[in-house]
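This report concerns only the one structure given below.
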Amino acid sequence: MSAIPSHSHTQHLVTQRIAFVLLGLCTLVVVLPVLLIFVYLLINGAGAINWDFLTKAPSMGGKAGGIFPAIVGTFYLMIGTIIFALPVGLLAAIYLTEYAKQTRLVRIINLAIINLAGVPSIVYGLFGLGFFVLTLRFGMSLLSASLTLACQALAMMIAASREALLTVPREYREASLALGSTKLQTIRHVVLPQATPGIITGAVLAMSRAAGETAPILTVGAAFFLPILPHSPFDQFMALAYHLYTVAAHVPGVPKAMVWGVALVLLVFVLAFDLGAIVIRAKARARRHG
């Protein structure tokens, strides 16, 4: 004979199903606005997307033409940001996780890193203007903007890298050291390969944020109407986020389809980088478990 479920067991199943439904609804609340934004941009901006829009320079003060210089400038900006932020952030995370003792100074440094993430972006812009543009005399340039956004991305990069390093089991380190490896060899050949997926995640988040920033770059080198490509790191540049802000708020007579088209291109641009990072992270995990 089959056992009759007890009242407590039935109540437990009901509670579990209610929790499952509530968690599903919370997930839907998070995902649904993102889908709605993408669909809304697709409906309103797809009509403006064509080959000329993607490959030509703007004209008539941004009211016509394309956005190719803004696409290239955004790409350069993201690459420049990660070139400066990734090595510094990763090395800082390695030191704080693997070498530093938990002294008062280290706790203060950790608190400062957390506070860096909450600093308003315009403050980073003013810092970049005062330090990179005026003090170091890099001028209003792509280099100044990349360094400014790299400073802003450091907190996220360090935090993500530290979390990734901490997820590597301590036993892996102990086994490597027991086999005669040095501390540096253990970090290089054991810890970092295991932490690579998490580090990639932090790098992608930093790059995605760099692509969407407007306030910091408008003070250090971004130009609204510059229908030429930057030829060196010391040139000014266009960026999709700044271009979108300007045509939407400060240029009268711009077709609404063009505004939504710029927004759609920016979103797809960021999603393409995210998708590429997902593929790289999946391959890294496959190699780690292979």
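According to this note's numbering, the stretch in the sequence shown is residues 7 to 296, in order.
Idealized CB from N, CA, C, for every residue including glycine.
Bear in mind the structure is a predicted one, so any value in this text is a computation, not a measurement.
Please check the pair R293 and T207, which I expect to be a contact at CB under 8 Å, by giving their CB distance rounded to whole angstroms. To locate residue 293, count along the sequence shown from 1; it is residue 287. To locate residue 207, count along the sequence shown from 1; it is residue 201. The Cβ separation is near 16 Å, so there is no contact.
T225: which of A181, V139, V260 sits nearest, CA to CA? What you label residue 225 is simply residue 219 of the sequence shown in a count that begins at 1. It is V139 whose Cα lies nearest to the Cα of T225.
For M146, does the count of other Cβ atoms within 10 angstroms reach 16, so buried, or fall short, so exposed? Within the sequence shown, the letter at position 140 stands for residue 146. By the neighbour-count rule (16 or more Cβ atoms within 10 Å), M146 is buried.
My guess is that P239 and L149 are in contact by the Cβ rule of under 8 Å, so how many angstroms apart are they, rounded? The residue you call residue 239 lines up with position 233 of the sequence shown. The residue you call residue 149 lines up with position 143 of the sequence shown. About 4 Å separates the two Cβ atoms, so the contact holds.
Taking its Cβ as the centre, do 16 or more other Cβ atoms sit within 10 Å of G68, making it buried, or is it exposed? Taking the first residue of the sequence shown as position 1, residue 68 is located at position 62. Looking at its Cβ environment, which holds 16 or more other Cβ atoms inside 10 Å, G68 is buried.
For A76, the three-state DSSP class (helix, strand or coil): On the sequence shown, residue 76 is found 70 positions in, with the first residue counted as 1. Of the three classes helix, strand and coil, the one that applies to A76 here is helix, per DSSP.
Buried or exposed by the 16-neighbour rule on C-beta atoms within 10 Å, applied to T188: Within the sequence shown, residue 188 is the residue found at index 182, counting from 1. Answer is exposed; the Cβ neighbour count stays below 16.
Does the distance from the C-beta atom of A263 to that of G51 stay below 8 Å? Within the sequence shown, the letter at position 257 stands for residue 263. Within the sequence shown, the letter at position 45 stands for residue 51. Yes, they are a contact pair.
Near M7, which residues of its chain fall below 8 Å by C-beta distance, leaving aside the five closest residues on each side in sequence? Looking up residue 7 in the sequence shown gives position 1. Reliability of the predicted coordinates at M7 is poor, the pLDDT of 45 falling under 50, and the value obtained from them is presented with this limitation in mind. Around M7: no qualifying Cβ.
Opening and closing residue of the alpha helix (DSSP H) in which M162 lies: Here the question's residue 162 lines up with position 156 in the sequence shown. 148-172 is the extent of the alpha helix (DSSP H) around M162.
Tell me where the alpha helix (DSSP H) around T297 begins and ends. Residue 297 is absent from the structure shown; the chain starts at 7 and stops at 296.
Expressed to the nearest angstrom, what Euclidean distance is found between the alpha-carbon atoms of V257 and M66? Locating residue 257 in the sequence shown gives position 251, where the first residue counts as 1. Locating residue 66 in the sequence shown gives position 60, where the first residue counts as 1. Cα atoms of V257 and M66: separation of roughly 11 Å, rounded to the nearest angstrom.
Give the secondary structure of P64 by DSSP, where H, G and I count as helix, E and B as strand, and everything else as coil. Indexing the sequence shown from 1 puts residue 64 at position 58. P64 falls in the strand class under three-state DSSP.
Throw me the rounded Cβ distance for the A156 and A247 pair, which I believe falls under 8 Å. Against the sequence shown, residue 156 aligns to sequence position 150. Against the sequence shown, residue 247 aligns to sequence position 241. That pair is no contact at about 17 Å.
Local conformation of G208 per DSSP, three classes: Numbered from its first residue, the sequence shown carries residue 208 at position 202. DSSP places G208 in helix when its eight states are reduced to three.
Whole-number beta carbon distance between L273 and L47, since they are thought to touch under 8 Å: Residue numbering aside, residue 47 sits at position 41 when the sequence shown is read from its first letter. Residue numbering aside, residue 273 sits at position 267 when the sequence shown is read from its first letter. About 6 Å; that satisfies the 8 Å criterion.
Out of I100, P126, G86, which one is the CA nearest neighbour of L2? Because residue 2 is not part of the residues shown, which for the chain are 7 to 296, the question remains open.
By DSSP, does M7 sit in helix, in strand, or in coil? Within the sequence shown, the letter at position 1 stands for residue 7. Reliability of the predicted coordinates at M7 is poor, the pLDDT of 45 falling under 50, and the value obtained from them is presented with this limitation in mind. Three-state result, M7: coil.
Presumed contact (8 Å Cβ cut-off) between S182 and F279, rounded CB distance: Here residue 182 is taken as the residue at index 176 of the sequence shown, counted from 1. Here residue 279 is taken as the residue at index 273 of the sequence shown, counted from 1. Their Cβ separation, rounded to whole angstroms, is 33 Å, which puts S182 and F279 out of contact at 8 Å.
Three or more C-beta pairs below 8 Å linking the stretch 168-179 and the stretch 124-132: no
Expected contact under 8 Å - CB spacing of M162 and A123 to nearest Å: Within the sequence shown, numbered from 1, the residue matching residue 162 stands at position 156. Within the sequence shown, numbered from 1, the residue matching residue 123 stands at position 117. About 6 Å; that satisfies the 8 Å criterion.
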